Amino acid sequence: MKRALVLLTACAMLSACAAAPTVYAPAAGPKAVGFSEYRIEPGRYRITFRGGPGAPAAQVSDYALLRAADLAIAEGYDWFRVADRMTLEAAPNNGPRVSIGGGGGGGGFRSGVGVGVGTSFDLGGGPSLAQTIEVLMGKGPRPSDRDAYDAREIRRNLGPRA
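Residue numbers are given in the numbering used here: position 16 of the sequence shown equals residue 16, and the series is strictly consecutive.
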């Protein structure tokens, strides 16, 4: 029993290290946590931010907007408009799992009977969210559209949270 508890504790600690935290940084790969973008044409981008398991939807959305603001500022634009949004949710049971089982049986020259029980724990941390936005950037006064954002205001308001 003591050996099973040590094994369970070790597995839980390893799985905690495996779960990627949600940070505002470039994604290391196609399914990794972080942002990526694709330039469609000058002043128009498709931006995706993938959160780690259990990341709040608001945080994933804010980080996608923050990346749009950073791109707009870097390209010399004043504002951007979100032309399209899509949120994807990965299944919550993708993460590592720990199983505990027990059993018994007989052997030797006689026939044996075995009985086993088991349970499993999902250590993945919940579903992973990704938000993709398509943005159109512009210069001058920001349009009075509810989907238009001032790039510097977004950077100022959301940047400290990243």
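No residue lacks a Cβ here, since even glycine has one placed at the ideal position from N, Cα and C.
Quantities reported herein were computed from a predicted structural model and do not represent experimental measurements.
Collapsed DSSP secondary structure at residue 26 in the structure displayed: Annotated three-state conformation of residue 26 is strand, per DSSP.
So, at 7 Å on beta carbons, what are the nonlocal neighbours of residue 145 in its own chain, with the 5 sequence-adjacent residues on each side left out? 81.
Is residue 135 buried or exposed, if buried means 16 or more other CB atoms sit within 10 Å of its CB? Label assigned to residue 135: buried.
Taking 8 Å as the threshold, find out whether the stretch 49-62 comes into contact with the stretch 70-84 through three or more Cβ pairs. Touching, no, given that fewer than three Cβ pairs across the two stretches are closer than 8 Å.
Quick one: give me the first and last residue of the beta strand (DSSP E) that residue 130 is part of. Run containing residue 130: 129-138, per the beta strand (DSSP E) assignment.
Let's test the definition: count the other Cβ atoms within 10 Å of the Cβ of residue 29 and tell me whether it reaches 16, buried, or not, exposed. Classification of residue 29: exposed, given that the 10 Å Cβ count is below 16.
Would DSSP call residue 63 helix, strand or coil? Residue 63: helix per DSSP, three-state reduction.
When we look at the beta-carbon of residue 23 and count the other beta-carbons within 10 Å, is it buried (16 or more) or exposed? It counts as exposed.
Go ahead and label residue 151 buried or exposed: buried means 16 or more other beta carbons lie within 10 angstroms of its beta carbon, across all protein chains shown. So residue 151 ends up on the buried side.
Reduced DSSP secondary structure (H/G/I, E/B, other) of residue 5: Because the pLDDT of residue 5 is 48, which lies under 50, any placement of that residue in the model is unreliable, and the number read from its coordinates should be weighed accordingly. Three-state result, residue 5: helix.
So, with DSSP's three-state summary, where would you put residue 94? Bear in mind that a pLDDT of 49 at residue 94, under 50, signals an unreliable position, so the model cannot answer this.
Evaluate residue 25 with the Cβ neighbour count: other Cβ atoms within 10 Å of its Cβ, from every protein chain shown; 16 or more gives buried, anything less gives exposed. The residue in question, residue 25, is exposed, as its Cβ has fewer than 16 Cβ neighbours within 10 Å.
Thinking C-beta only, is residue 64 closer than 7 Å to residue 40? Between residue 40 and residue 64, the CB-CB gap reaches or exceeds 7 Å.
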